[in-house]
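*Asks:*
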Amino acid sequence: MSKWNLLLFGVYPYVALAICLLGSWARFDLSQYTWKAGSSQMLSSRGMRLASNLFHIGVLFVLAGHFVGLLTPASVYHHVISTEHKQLLAMVSGGFFGLLCLLGLVLLIKRRLTDPRVRATSSTSDILILLVLLAQLLLGLLTIVASTGHMDGSVMVMLADWAQYTVLLRPVDAAAAIAPVALVYKLHVLLGLSLFVLFPFTRLVHIVSAPVWYLGRRYQIVRQKA
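Under the UniProt record's numbering, residues 1 to 226 are what the sequence shown spells out, in order.
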């Protein structure tokens, strides 16, 4: 195992997570008014609902699939499904929702770059994060294509071992587990980790925001003008 492999897949995950947590804490503490997605729907609602719904439905299912698929031990899911069938399920469901997400994301990027009003109010980070998400999504879909070459689920097991060793704070074992996999998988993992680094400094922070305080606020009284 090379030093680069240990650095990128053993050490970098913890660096990325530390930046994500500390950066998010600092931003929320020092600049709460920037903690938002910065909706542009009021500027132009044309095509916004379709694009946003496709993207968010797709990305939520993709993230849930990654979380369950990578962090569920084989000893648990083998009670209901084999490794080979689990990979097939991941490829079919991930491909379907990945394509939904891709379509929505492409529409959102097109809208942000071609609508004059939306483009004028877009920051560099707004456009950058959309392009990074596009690259990550394309890499993810390419891993599905690559997975057709080994339907036994062996690579899926290596990636799951990497994720589980990382969570268990065993960086050397994690780096060793992912070392044999193909480059496309490693690029997908690295860019995914880099999204954690970008998280505190972009509109992605709205992912962990929920207006729960609305549930406890006082009722708003609206009187009609006589």
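We put the CB at the ideal spot given by N, CA and C, even for glycine.
Please read these numbers as outputs of a predicted model, since none were measured by experiment.
Does the count of Cβ pairs from the segment 183-190 and the segment 109-129 closer than 8 Å reach three?
*Replies:* The segment 183-190, when compared against the segment 109-129, does not touch it at the 8 Å Cβ threshold.
*Asks:* Quick one: measure Cβ to Cβ for proline 180 and arginine 27, integer angstroms, because I've assumed they're closer than 8 Å.
*Replies:* Wrong, their Cβ atoms sit about 38 Å apart, outside the cutoff.
*Asks:* Of the residues Tyr77, Thr124, Val15, Thr148, which one's Cα is nearest the Cα of alanine 160?
*Replies:* Here the closest residue by C-alpha is Tyr77.
*Asks:* Taking just the CA atoms, how far does valine 167 sit from phenylalanine 67?
*Replies:* Phenylalanine 67 and valine 167: Cα-Cα distance of roughly 12 Å.
*Asks:* Which word fits tryptophan 4, buried or exposed, when buried means at least 16 other C-beta atoms lie within 10 angstroms of its C-beta?
*Replies:* With fewer than 16 other Cβ atoms within 10 Å, it is exposed.
*Asks:* In its own chain, which residues sit with a C-beta less than 6 Å from the C-beta of glycine 95, not counting the 5 before and 5 after it?
*Replies:* Excluding residues within five positions, the ones whose Cβ falls inside 6 Å are Ile144.
*Asks:* May I have the straight-line CA-CA distance separating threonine 124 from alanine 74, to the nearest angstrom?
*Replies:* Rounded to the nearest angstrom, the two C-alpha atoms are 42 Å apart.
*Asks:* Which same chain residues end up closer than 8 Å to cysteine 20 when comparing Cβ atoms and leaving out the 5 residues on each side of it in sequence?
*Replies:* Once the five neighbours on either side are set aside, the close Cβ partners of cysteine 20 are Phe196, Val197, Phe199, Pro200.
*Asks:* Return the residue from the list Phe97, Cys101, Leu130, Thr148 that minimises the CA-CA distance to leucine 88.
*Replies:* Among Phe97, Cys101, Leu130, Thr148, the Cα nearest to that of leucine 88 is on Thr148.
*Asks:* So, with DSSP's three-state summary, where would you put alanine 179?
*Replies:* Residue state, collapsed to three classes: coil.
*Asks:* Drop a sphere of 10 angstroms on the beta-carbon of residue 272, count the other beta-carbons inside from all chains shown, and report buried for 16 or more, exposed for fewer.
*Replies:* With the chain covering 1 to 226 only, the question about residue 272 has no answer from this structure.
*Asks:* Are alanine 90 and methionine 151 touching if we call contact CB-CB under 9 Å?
*Replies:* No, the Cβ-Cβ distance between alanine 90 and methionine 151 is not below 9 Å.
*Asks:* With 16 as the cutoff for other CB atoms within 10 Å, does tryptophan 162 come out buried or exposed?
*Replies:* So tryptophan 162 counts as buried.
*Asks:* Measure how close the beta-carbons of serine 108 and leucine 141 come, nearest whole angstrom, since I'm counting them as under 8 Å.
*Replies:* Rather than serine, the amino acid found at residue 108 in this sequence is leucine. No, leucine 108 and leucine 141 are not in contact; Cβ-Cβ is about 17 Å, not under 8 Å.
*Asks:* Ignore the nearest five residues each way along the sequence and tell me which others in glycine 58's own chain have a CB closer than 7 Å to its CB.
*Replies:* Excluding positions up to five away in sequence, the list reads Phe97, Gly98, Leu100, Cys101, Gly104.
*Asks:* On the three-state DSSP scale, how would you describe serine 194?
*Replies:* In this structure, serine 194 counts as helix in the three-state DSSP scheme.
*Asks:* Compare the C-alpha of leucine 6 against each of Lys225, Thr202, Ala176, Tyr33 and name the closest.
*Replies:* When each option's Cα is compared against that of leucine 6, the closest is Ala176.
*Asks:* Going by DSSP in three states, residue 261 sits in which element: helix, strand or coil?
*Replies:* Because the chain here runs from 1 to 226, residue 261 falls outside it and cannot be looked at.
*Asks:* Starting from residue 231, follow the alpha helix (DSSP H) in both directions and report where the run begins and ends.
*Replies:* Nothing in the structure corresponds to residue 231, since the chain is present only between 1 and 226.
*Asks:* Please report how far the alpha carbon of threonine 83 lies from the alpha carbon of leucine 70, in whole angstroms.
*Replies:* Each residue's Cα considered, the two are about 12 Å apart.
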